[in-house]
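Novice: In this note's numbering, the protein residues as written are 319 to 708. By construction, the Cβ of each residue, glycine as well, lies at the ideal position given by its N, Cα and C atoms. Because the structure is a prediction, the values reported are computed rather than measured.
(1) Given a threshold of 16 other Cβ atoms within 10 Å of its Cβ, counted over all protein chains shown, does residue 570 qualify as buried or as exposed?
(2) Check residue 665 in the structure and name its three-state DSSP category.
(3) Quick check on this structure: which residue in 467, 652 and 665 has the alpha carbon closest to the alpha carbon of residue 702?
(4) Would you list the residues sitting across from residue 618 in a DSSP beta bridge?
(5) If you drop the 5 nearest sequence neighbours on each side, which residues of the same chain put their C-beta closer than 7 angstroms to that of residue 481?
(6) Based on Cα-Cα distance, which residue from 548, 574 and 564 lies nearest to residue 474?
(7) With contact counted as at least three CB pairs below 8 angstroms, one residue from each stretch, are the stretch 634-650 and the stretch 670-690 in contact?
(8) Quick check on the DSSP output: what are the complete beta strand (DSSP E) runs of length 3 or more inside the stretch 526-608, in order along the chain?
(9) Hey, could you find the ends of the alpha helix (DSSP H) residue 464 is sitting in?
(10) Decide if residue 419 is buried, meaning its Cβ has at least 16 other Cβ atoms within 10 Å, or exposed.
(11) Just checking my contact of residue 613 with residue 605 at CB under 8 angstroms: how many whole Å lie between their CB atoms?
(12) Using 10 angstroms around the beta-carbon of residue 590, count the other beta-carbons present and answer buried if the total reaches 16, otherwise exposed.
(13) Count the other CB atoms within 10 Å of the CB of residue 660; is the residue buried (16 or more) or exposed (fewer)?
(14) Taking just the CA atoms, how far does residue 549 sit from residue 616?
(15) Using the three-state DSSP reduction, which class does residue 434 fall into: helix, strand or coil?
(16) Based on Cα-Cα distance, which residue from 654, 627 and 587 lies nearest to residue 598?
(17) From residue 508 to residue 665, what distance separates their C-alpha atoms?
(18) Which partner residues of residue 472 appear in the DSSP bridge assignment?
(19) Beta carbon of residue 445, beta carbon of residue 686: below 7 angstroms?
(20) If I measure Cβ to Cβ from residue 689 and keep anything under 6 angstroms in the same chain, skipping five residues before and after, which residues do I get?
(21) Of the choices 577, 622, 633 and 575, whose alpha-carbon is the least far from that of residue 592?
(22) Any beta carbon from chain C within less than 7 angstroms of residue 440's own beta carbon?
(23) For residue 699, I'd like the list of residues in its chain whose CB is within less than 7 angstroms of its CB, leaving aside the five on either flank, ordered along the chain.
(24) Where does residue 305 sit, in a helix, a strand or coil, going by DSSP?
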C-alpha cells in the first residue's frame, strides 16, 4: 500500500463556528450579607419583628430578580410551542419576531453540539492494483487537452448523440442536427433546467456543439479568407485542434422573441450566471479572458467544456484553465502526495497522476476497494480520480 500524504482543497465559505462560548453574566442583583447591630436590653418582640421584616424583604427581592430574567411581556407560564403561535399573523411580524429568534437559537445550538470528530469519515484507499492501458487510451477521457499544441485523435467511431432527440424544453437549438457526447448532454440538460427554473428564461440557445474535421476546416478557411490567418487563429482553432471534435463542448447564445441572436454576454446577467454555476454541472468556461496567452484563444464567454464536477469546481477554486490544471495535477504523482477535493455537493475525491510509459502499455495504479475513473490528458499521462464518498 502506498503511503501518500494528502493536500486538501475544499470550497471556501465552509468554516465552522467556534467551539467555545462566552458565558453571559449573572443578571441577578448581588446578594449582600448585612451585619446586625447589637443593642443593650432589646425586647423579644423587637427581635421577632426585625427578623420578620428581613425575611419579607429577602423573599420580595428574590421574586423580583427571578421575574427580571424573563423577556419583556413573557412570564414563566407563556407557551412558546409552535402550536401556540398564530400563523395567520406571522407575515406581519418583523424579522426579529419570537419565531425567528427561536429558530436561530436552535440552529446555533445544533451547530455547537455537532462534534466534527464524530462525523462519518470518508472512505480511504486500502490497497492498489494495476490496470494495463494501451497507448491510444492516452487520447480518451474527460480531461484530454485539445489546443494548438495537442491535436485531437479521432476514434474509429464517434460517441455522440443527437441533442434535439434528447433535450428538455428549457433551451433552444440553432439546428436539429447538433450532437454531443452523452454525459455532456445529460449535464447540459441539468444545467439548462436549473437556469430556466431560477430565471424563468427559456431563450438560451445552443449555437454550436460537435464538429467534424471537415466542418472545422470549412469554418477556419472561411475565416482566413475573410479576415486573414492571424485573425482566424485568435478566434478559431485549426482543423484537428478544436475541442468541438470531442463532443464535450458547446457555445451558448441568446435568441430573443424579436428574432435577434445575441452573444451570451450580450444581455446582462446571462453570462455571469453560467460562469458562477457551470462548475456544479461539470463545465468550465474554457477560454477565460485572463488566460488567452496560455490557451491561445481570445476570451469566449459562451464556450463551455465538460470535465466533470470534481475537476470543474477544483479548476474554478484554483483559478486555472485546463492547460494549467493538468500541469498542476502532475505535481501529485501516484508515488507522492495525492490531491484531496471536496465538491460543493459534499462528495470527496482523491486525485493523482501517472505518466504514460514510453514503451507500449502503461500499468496504472488504481484502488482495490473504491470506484475510480481514468482519463488520459492527450499528452503525457493519465489522471486517476477516486471517489471517497460511499
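Specialist: In short, the structure shows the following:
(1) By one-based count along the chain shown, residue 570 stands at place 252. Buried is the call here.
(2) Residue 665 sits at position 347 when you count from the first residue of the chain shown. Coil.
(3) Indexing the chain shown from 1 puts residue 702 at position 384. For residue 702, the nearest C-alpha among the options comes from 652.
(4) To locate residue 618, count along the chain shown from 1; it is residue 300. Answer is 605, bridged to residue 618.
(5) Here residue 481 corresponds to residue number 163 of the chain shown, with the count starting at 1. Closer than 7 angstroms at Cβ, skipping near neighbours: 491, 496, 497, 498, 503, 524 and 527.
(6) In the chain shown, the residue the question calls residue 474 occupies position 156. If you compare the alpha carbons of 548, 574 and 564 with that of residue 474, the shortest gap goes to 564.
(7) Judged by Cβ distances under 8 angstroms, the stretch 634-650 makes contact with the stretch 670-690, as three or more pairs qualify.
(8) If you keep only unbroken beta strand (DSSP E) runs of at least 3 residues inside the stretch 526-608, you get 567-573, 579-581 and 601-605.
(9) Taking the chain shown and counting its residues from 1, one reaches residue 464 at position 146. That residue, residue 464, is in no alpha helix (DSSP H); it is neither H nor E in DSSP.
(10) The residue given as residue 419 occupies position 101 in the chain shown. Low local confidence applies: a pLDDT of 30 at residue 419 is under 50, so the model's placement there is unreliable, and no value is given.
(11) For the purposes of this step, residue 613 is taken as the residue at position 295 of the chain shown. For the purposes of this step, residue 605 is taken as the residue at position 287 of the chain shown. The pair is a contact, with the Cβ atoms about 5 angstroms apart (cut-off 8 angstroms).
(12) One-based indexing of the chain shown puts residue 590 at position 272. By the Cβ-count criterion, residue 590 is exposed, with fewer than 16 other Cβ atoms from all chains shown falling within 10 Å of its own Cβ.
(13) Position 342 of the chain shown, counted from the start, is the residue given in the question as residue 660. Looking at its Cβ environment, which holds 16 or more other Cβ atoms inside 10 Å, residue 660 is buried.
(14) The residue you call residue 616 lines up with position 298 of the chain shown. The residue you call residue 549 lines up with position 231 of the chain shown. Here the alpha carbons of residue 549 and residue 616 stand approximately 10 angstroms from one another.
(15) Stepping through the chain shown from its first residue, residue 434 is reached at position 116. Bear in mind that a pLDDT of 42 at residue 434, under 50, signals an unreliable position, so the number given afterwards is only what the model happens to contain. The answer is helix: DSSP assigns residue 434 an H, G or I state.
(16) For the purposes of this step, residue 598 is taken as the residue at position 280 of the chain shown. Nearest C-alpha to residue 598: 627.
(17) Counted from its first residue, the chain shown places residue 508 at position 190. Counted from its first residue, the chain shown places residue 665 at position 347. If you draw a straight line from the Cα of residue 508 to the Cα of residue 665, it comes to about 18 angstroms.
(18) The sequence position of residue 472 within the chain shown is 154, counting from 1. For residue 472, which the question treats as bridged, DSSP gives no partner whatsoever.
(19) Reading the chain shown from its first residue, position 127 is the one you call residue 445. Reading the chain shown from its first residue, position 368 is the one you call residue 686. Yes.
(20) To locate residue 689, count along the chain shown from 1; it is residue 371. So the qualifying residues of the chain are 705.
(21) Counted from its first residue, the chain shown places residue 592 at position 274. Nearest C-alpha to residue 592: 622.
(22) Absence of chain C from the displayed structure is noted, only one protein chain being present.
(23) Counted from its first residue, the chain shown places residue 699 at position 381. Closer than 7 angstroms at Cβ, skipping near neighbours: 671, 672, 673 and 674.
(24) In the structure displayed, the chain extends from 319 to 708; residue 305 sits before or after that span and is not available.
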